[in-house]
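Per numbering that gives the first Met the number 0, the sequence shown starts with residue 0, numbered consecutively.
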Amino acid sequence: MILPILSYPDKRLRIKAKNVNIVNKTIQTLIKNMFETMYARNGIGLAATQVNQHLQIVVIDVPNSQFLFKNRKNNSQKLLQKQHPLCFINPEIKEKYGQEKHTEGCLSVSDFQAEIQRANHIKVKALNEKGEIFILQATGLLAICIQHEIDHLKGILFVDYLSKLKQKRLLERIKKMTKV
């Protein structure tokens, strides 16, 4: 099911997401719907906050991304490089370093992109859609996307990294577009 996505400056985008205590059928259905919604809008990432579900859940599918995946259950580790949909429940960034400027957009901020600086190497710990703990090391666009989506869970939007003047201009443009 495709879910409606909240649009900036909707105040619900500022609500901090709560931890998921148990991964059950309801959570798995939400994850499935989030993937469908993300793909329907040609996105590469979506946070539950954006679909007005204030839970610590992120879905991501960055084509041709490379990451190191470590399963805590059996202590296996493998380097994966392919289009690979990922789900992060209760994600925590454990390490980040390096800097990269990247042009970001957002499904909640239509027709707007801006260059944002973020860490280009991160290590994140989370649960997957089965409730299993994993650790993932990501670089480049995947690292940028993970940080962008985790920001959503904290009530932070990529436009918050812009100057106050650019934020004001964006809001004025959005107001004009909604009047038309």
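Beta carbons: idealized from backbone N, C-alpha and C, even for Gly.
Three-way DSSP call (helix, strand, coil) for E114 in this model: Strand, per DSSP.
Checking 7 Å against the spacing of the C-beta atoms, do A125 and P90 come in under that value? Cβ distance < 7 Å, so A125 and P90 count as in contact.
Can you name the residues that DSSP bridges to V123? Bridge partners of V123: I92 and L135.
Between I56 and the rest of its own chain, which residues show a CB-CB distance below 6 Å, the 5 nearest in sequence each way excluded? These residues qualify, in order along the chain: A47 and I88.
For S107, which of helix, strand or coil comes out of DSSP? Assigned with DSSP and collapsed to three states, S107 falls in coil, not helix or strand.
Could you say which of Y7, A39, A137 and N41 lies nearest to V123 if we only look at CA atoms? Ranking the options by Cα distance to V123, first place goes to A137.
Nearest residue (CA-CA) to H101, options E114, V108 and D110: Considering only alpha carbons, the answer is E114.
Can you tell me which of the three DSSP states E128 falls into? Note: E128 maps to coil in three-state DSSP.
K17 to Q49 span [Cα, whole Å]: Rounded to whole angstroms, K17 to Q49 spans 14 Å at the Cα level.
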